[in-house]
Every structure is written in structure tokens, then in C-alpha cells.
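Novice:
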Amino acid sequence: LYVAWQSSERLGIVYCHQRRSQLYCVAVTESAAERQPPQLLTTEELDFSCRSPRVHPGGKLVVFLSREPVGPHFSAARLRCMTVATKEVRTVTDVVEDPEGGFPGLYLTSLPKRCWYTDSEIVLSTDWTMDEALVRININDGTVDRITSPSHPALHSISVLDVSPARREILVSVSTPTMPPEVFQITEGNSWQQLHSTHPANAAAAEMLKVVGCERVQIATDDGV
């Protein structure tokens, strides 16, 4: 299963999501005589530009992001789901024209490499107004639930690092303008456990101080502090 672009131009393609691309699949065989040509999976205009296919752990479904050839480079994406057996494709979450304070639609570059949380749910991070939110989406009915930390209800940036459907656990990186990235493990019941407490930014600052030969830096202000 792979994504193929119509144009060979690759410059800026990571951000230009309105370029023509489609999903294909091809059977892998040892014998050259048994090889078949690639099969096109996405033919609807809704799937003018497809990206980030993620296969269900059981192999029965494929979810991916798609958009139409209109609008800016980084506009809202649809979450689409294909049933492998029938090749039927349906929309799970559509573009939201008027969010009215609720779910604004999906704004993300790609789905996590491992995004399946349960047999019918995926987890991802997406721009949500001024924040980056962690959401769980039900593939069957399109229900979107925002997952928030009890101790950090207003998280400005959160990225999914990994998802374990077997253990029902999510690994995320969390940061705010005043807090460097931290790694958290989220288990069932929305229990957040911090796994990594060493701030990368602080470590980088310490290395910089070693380079310049300083042990401490003090910044003087007008009031002498």
C-alpha cells in the first residue's frame, strides 16, 4: 500500500497537500510471472489528494487523509476509511464549515505511524483553534472526543509518539510556551503519567553554557534583578 503523486516535483510536497496523489496497492510475490500491476484504490474527486494511509491491525480497514484541489496549501482534511475486502471508501470526519466553538475539523500533516487505539478508534493530534489537541475518533460513527490532561487542561502543543492497542496506552509529547517538551504515558481512565522529566531545552542550555565557559548567566533588568 503506497501513495503516488502525479507530478515528479518533490520540492515543498510535505506542505503542499493539494497536489494530486492517489492510493495504490500491489501484491508482493516472489515470482516475477505472478506479479500484477498496481491497483488504484482512490478514484473519487473527494480523494484528489490522498496521504498518510494507516492499516488496521487486523488488515480489514485502511484510514487515510484526503482533500479536494481547492483552498490553501494547509487546509482542513477529511478522514476517510476504506474496507479492504470491498474497496469501499467512506468519509469518517468531514470538513467543518462552521465549528461554533466545537470540533473545527482536522488540520494535521499526517496520521501517527501507529494510530489505532481500539478495533474501531484511532488517536491523533490536530490543530484546534490556538492549541494542538489530542483526539480520539470512532471510525464507525465519526464521533470525535478530545483527550485532555487533568493537570494540564490547556495544552498548547501535543504530539502522538505511539499508540498501543493491546495495552490501550498512548505515548505523547506535551509542551507549552513555558514548559519544554515532556513525555507522558496515557492509560485507560485518562490517567497521565510523566515518563521523561529532563527538559531537552534545559539540557541544551547547559551544553551551551559549557561551550562558552560559564556556570551561570544572570540577566540584569532596570530594577536591578
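For the numbering used here, add 1341 to where a residue sits in the sequence shown, where the first one is 1. Quick reminder that beta carbons are idealized off the backbone N, C-alpha and C, glycines included.
What residues are listed by DSSP as bridge partners for Ile-1297?
Specialist: Summary: the structure shown does not reach residue 1297, with the chain confined to residues 1342 through 1566, and so no result is reported for it.
Novice: Given a cut-off of 7 Å, decide if Asp-1468 and Tyr-1448 are closer than it, judged by their beta-carbon atoms.
Specialist: The answer is yes: Cβ separation under 7 Å.
Novice: Can you check which of these residues, Ser-1492, Pro-1410 and Arg-1477, is closest to Gln-1534 by C-alpha distance?
Specialist: For the residues Ser-1492, Pro-1410 and Arg-1477, the minimum Cα distance to Gln-1534 belongs to Ser-1492.
Novice: Specify whether the segment 1437-1445 and the segment 1453-1460 touch according to this definition: at least 3 beta carbon pairs, one from each stretch, less than 8 Å apart.
Specialist: Flag = no, the segment 1437-1445 and the segment 1453-1460 do not touch.
Novice: Which stretch, first to last residue, makes up the beta strand (DSSP E) that contains Arg-1395?
Specialist: Looking at the DSSP string, the run of the beta strand (DSSP E) that includes Arg-1395 is 1390-1396.
Novice: Taking the alpha-carbon positions, what's the Pro-1522 to Thr-1427 distance?
Specialist: Distance between the alpha carbons of Pro-1522 and Thr-1427 is about 43 Å.
Novice: Within a Cβ cutoff of 8 Å, which residues of the same chain sit near Ser-1390, ignoring the five residues on either side of it in sequence?
Specialist: Answer for Ser-1390: His-1358, Gln-1359, Arg-1360, Arg-1361, Ser-1362, Ser-1407, Arg-1408, Glu-1409 and Pro-1410, listed in chain order.
Novice: Locate the beta strand (DSSP E) running through Phe-1405, then write down its first and last residues.
Specialist: Note, Phe-1405: beta strand (DSSP E), 1402-1408.
Novice: What residue does the beta strand (DSSP E) around Ser-1466 start on, and which one ends it?
Specialist: That run of the beta strand (DSSP E) goes 1462-1469.
Novice: For Glu-1453, tell me which candidate among Asp-1439, Thr-1470, Thr-1424 and Leu-1475 has the shortest Cα-Cα distance.
Specialist: In the sequence as displayed, the identity of residue 1453 is Pro instead of Glu. When only C-alpha atoms are compared, the closest one is Leu-1475.
Novice: Quick one: what's got a C-beta closer than 7 Å to Pro-1506's C-beta in the same chain, skipping five residues either side?
Specialist: Closer than 7 Å at Cβ, skipping near neighbours: Pro-1398, Trp-1457, Tyr-1458 and Thr-1459.
Novice: Hey, Phe-1405 and Ser-1393: beta-carbon distance below 7 Å or not?
Specialist: Yes, the pair counts as a contact, with Cβ atoms nearer than the cut-off.
Novice: Take Ser-1451 and list the residues in its own chain whose beta-carbon comes closer than 8 Å to its own, dropping the five residues that flank it on each side.
Specialist: Result list for Ser-1451: Arg-1392, Ser-1393 and Leu-1406, in chain order.
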